[in-house]
Amino acid sequence: MGPITIQRIENAAIALFVMIALTSAGILWWWPLALFLVFDLSGVGYLANNRVGARLYNVVHNYTGPALLAGVYLIAASFSARVDALAVVAASWAFHVAVDRVLAYGLKDDDEPSHTHLSPVSAGPRTA
Numbered sequence: 001m002g003p004i005t006i007q008r009i010e011n012a013a014i015a016l017f018v019m020i021a022l023t024s025a026g027i028l029w030w031w032p033l034a035l036f037l038v039f040d041l042s043g044v045g046y047l048a049n050n051r052v053g054a055r056l057y058n059v060v061h062n063y064t065g066p067a068l069l070a071g072v073y074l075i076a077a078s079f080s081a082r083v084d085a086l087a088v089v090a091a092s093w094a095f096h097v098a099v100d101r102v103l104a105y106g107l108k109d110d111d112e113p114s115h116t117h118l119s120p121v122s123a124g125p126r127t128a
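Per our numbering: the sequence shown ends with 128, consecutive numbering throughout.
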């Protein structure tokens, strides 16, 4: 089993964990699905050029943003702030990144939007 397959499996586990965590917390299961395409709005950068598009896409399509947002939620919640929406958005964002990785949509190269760190999307997902 190659590293890409392992990464796809681990991201499937992350997506499943997010759904279980949300439903266990009493959040409706469909929220990550309802918010799914919002994170793809980062692709608007491609209207400028491939470099801007890839960089904006990559900023949104990694786990840093959801982790930081979850941290803000935890800090605010520790002061008894009612900021449950932050947790829902952070979880939905992580779910989006995980599902993209399962489908072999990885971080984009500046040169060609179809080239990712996992595989050229236009050629279909790699199996190795």
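Positions of the beta carbon are idealized from the N, C-alpha and C atoms, including for glycine.
If one requires a minimum length of 4 residues, the alpha helix (DSSP H) runs lying completely within the stretch 47-88 are 50-60, 64-78, in chain order. Per DSSP, the beta bridge partners of T116 are K108.
Less than 8 Å divides the Cβ of S92 from the Cβ of W31. The shortest CA-to-CA distance from H117 to any of H61, D40, I27, A25 is the one to H61. Non-local C-beta neighbours of A76 in its own chain, meaning closer than 8 Å and more than five positions away in sequence, comprise V83, L86, ordered along the chain. Of all alpha-carbon atoms in K108, L103, E112, the one lying nearest the alpha-carbon of T5 is that of L103. In the structure shown, G26 adopts coil according to DSSP, grouped into three states. Our two residues, D100 and V72, have alpha carbons roughly 24 Å apart in a direct line. Annotation: L56 to N50 spans about 10 Å, alpha carbon to alpha carbon. When G43, V59, A90, R8 are compared, the shortest CA-CA separation from A67 is found for A90.
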